[in-house]
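In what follows, a structure is listed as structure tokens, so that the remarks can point back to it.
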Amino acid sequence: IPSPSGVSPFWSAGVADLSPYTPGEQPQIAGLIKLNTNEHPYGPSPAVLEAIRQATGDALRLYPDPDATALKQAVARRHGLDAGQVFVGNGSDEVLAHVFRALLRHGRPVLTPDIGYSFYPVYARLFDIALQPVPLRADFSVNPADYGEPNGGIVIANPNAPTGCALELAAIRALLEAHPTSVVVVDEAYVDFGAESAVSLVPVYPNLLVVQTLSKSRSLAGLRVGFAIGHPALIEGLERIKGCFNSYPLDRLAQAGAVAALEDEAWFEQTRRRVMAARSVLSQGLVDLGFEVLPSQANFVFARHPGHAGPELLAALRQRRILVRQFDKPRIADFLRITVGTPEQVSALLDALAAIVGRG
Ligand code: PMP
5 IPSPSGVSPF WSAGVADLSP YTPGEQPQIA GLIKLNTNEH PYGPSPAVLE AIRQATGDAL
65 RLYPDPDATA LKQAVARRHG LDAGQVFVGN GSDEVLAHVF RALLRHGRPV LTPDIGYSFY
125 PVYARLFDIA LQPVPLRADF SVNPADYGEP NGGIVIANPN APTGCALELA AIRALLEAHP
185 TSVVVVDEAY VDFGAESAVS LVPVYPNLLV VQTLSKSRSL AGLRVGFAIG HPALIEGLER
245 IKGCFNSYPL DRLAQAGAVA ALEDEAWFEQ TRRRVMAARS VLSQGLVDLG FEVLPSQANF
305 VFARHPGHAG PELLAALRQR RILVRQFDKP RIADFLRITV GTPEQVSALL DALAAIVGRG
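In structure tokens form, the structure reads like this:
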């Protein structure tokens, strides 16, 4: 039988052609400064740990609520909406997979920025959806005027990944107005670090779906909880797909912890503000070292140095036990995507880069 890297005679048609998403490295060794997958540097609210503790024990014998009712209500409460406008899933990656399958299958190309979250092409391929990349402007921003053609949907991360650049609400509104029969998906994984959320537009536009996650601003990447907010008709489409995959995508611990996280507004505010303050220090420090830094509204910055190639910087940082991310893609191969860490981590990173680029 051929090895797993070859083509197996046991596979169904199409499996050999899939190229799964490669997530950022999750190192199995301790002691690294990990700034490569945009995790929050501070832990989740202590109320999360307490809620999870209470959800363990004999209750684990029982299946969780398949509808995650309490969690949908917590999301709805926070955004002033109805629970029927909320879909929840096992991380926003899973939510996005259901979105591609349920809402973006119209026989016309789905428009998305040519530099964006690299999972979108993977979903498109998996579900046989034609994806049409729309080039970013020279300054790496999204130009809404470029999304004019008839389409089977529009998918934009706002702030965009991996650039960190954000669109204003007026631009999202313009897209919704211009394409009333297309679903416009706004992936707001990083929105809580300074961008304007499109959730306020949900009651006005039945074609808008906003996707968010608890992995970033709520510091729960390990719990795997994401959600979508939109018109009940869109949510029902997602529920139908979900119910054909997995009745219980969110376990009891995830549901309990996520509710507690959404209810601790004070912790959320305090920790996201610390990240935004560290982002300013990081951005300025990089500029002082000669880097070009894109304006970021996310918990990471995207930066390149005119005298050093991206892979070279990545390797030199790794040698100093600092992990960041670099993408081997046209136009952005020389950029590093650096997660905003604690002030101590930011300072260690800047010291390391100073030594590498020769200003230390
Ligand atoms: N959208 C974007 C733009 C992201 O960068 C990420 C994180 N890789 C996700 C969605 C998925 O996040 P999660 O599955 O942890 O909710």
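Residue numbers for the sequence shown follow the UniProt record's numbering, so the first one is 5 and each next one is one higher.
The beta carbon of each residue, even a glycine, is placed where N, CA and C say it ideally should be.
Distance, P48 Cα to R57 Cα: Counting from 1 along the sequence shown, the entry for residue 57 is found at position 53. Counting from 1 along the sequence shown, the entry for residue 48 is found at position 44. Straight through space, the alpha carbons of P48 and R57 are spaced by roughly 14 Å.
Q288: first and last residue of the uninterrupted alpha helix (DSSP H) it sits in: Within the sequence shown, residue 288 is the residue found at index 284, counting from 1. That run of the alpha helix (DSSP H) goes E269 to D292.
Beta-carbon proximity check, L108 vs I133, cutoff 8 Å: Reading the sequence shown from its first residue, position 104 is the one you call residue 108. Reading the sequence shown from its first residue, position 129 is the one you call residue 133. Contact flag set, yes.
Neighbourhood of R244 by C-beta distance below 8 Å, restricted to the same chain and skipping five residues each side: By one-based count along the sequence shown, residue 244 stands at place 240. Cβ neighbours of R244 beyond the five flanking positions: A106.
7 Å Cβ shell around F197 - same chain, five flanking residues per side excluded: Here the question's residue 197 lines up with position 193 in the sequence shown. These residues qualify, in order along the chain: S221, R276, V279, M280, Q301, A302 and N303.
Stretch-stretch touch, CB-based, cutoff 8 Å, three pairs: the segment 209-219 with the segment 58-69: Touching, no, given that fewer than three Cβ pairs across the two stretches are closer than 8 Å.
Burial state of W15 (16 or more Cβ within 10 Å): Walking along the sequence shown from the start, residue 15 turns up at place 11. W15 comes out exposed.
Heavy atom of the ligand PMP within 7 Å of T346 beta-carbon: Looking up residue 346 in the sequence shown gives position 342. No, the Cβ of T346 stays beyond 7 Å of every heavy atom of the ligand PMP.
Supposed contact pair I336 and I119 - C-beta distance, whole angstroms, cut 8 Å: As a working mapping, residue 119 is identified with position 115 in the sequence shown. As a working mapping, residue 336 is identified with position 332 in the sequence shown. Yes, I119 and I336 are in contact; Cβ-Cβ is about 6 Å, under 8 Å.
Inter-residue spacing [alpha-carbon to alpha-carbon] between V229 and A262: If you number the sequence shown from 1, residue 229 lands on position 225. If you number the sequence shown from 1, residue 262 lands on position 258. V229 and A262 have their C-alpha atoms roughly 7 Å apart.
Beta-carbon spacing of P24, V126 below 8 Å: Taking the sequence shown and counting its residues from 1, the one referred to as residue 24 is at position 20. Taking the sequence shown and counting its residues from 1, the one referred to as residue 126 is at position 122. For P24 and V126, yes; Cβs fall inside 8 Å.
Same chain, Cβ closer than 7 Å to A20, neighbours up to 5 away in sequence not counted: Numbered from its first residue, the sequence shown carries residue 20 at position 16. Cβ contact annotation for A20 (same chain, cutoff 7 Å, sequence separation greater than five): V11, in chain order.
Span separating the alpha-carbon of T73 from that of A63: Counting from one through the sequence shown, the residue named residue 73 turns up at place 69. Counting from one through the sequence shown, the residue named residue 63 turns up at place 59. Cα to Cα, T73 sits roughly 17 Å from A63.
Spatial distance of H235 from G241 (CA atoms): Working through the sequence shown from its first residue, we reach residue 235 at position 231. Working through the sequence shown from its first residue, we reach residue 241 at position 237. The alpha-carbon atoms of H235 and G241 are separated by roughly 10 Å.
Contact the segment 315-324 vs the segment 353-360: 3+ CB pairs below 8 Å: Counting Cβ pairs under 8 Å, three or more are found: they touch.
Alpha helix (DSSP H) runs wholly inside the segment 201-269, at least 4 long, in chain order: Taken in chain order, the complete alpha helix (DSSP H) segments of 4 or more residues contained in the segment 201-269 are 236-249 and 256-267.
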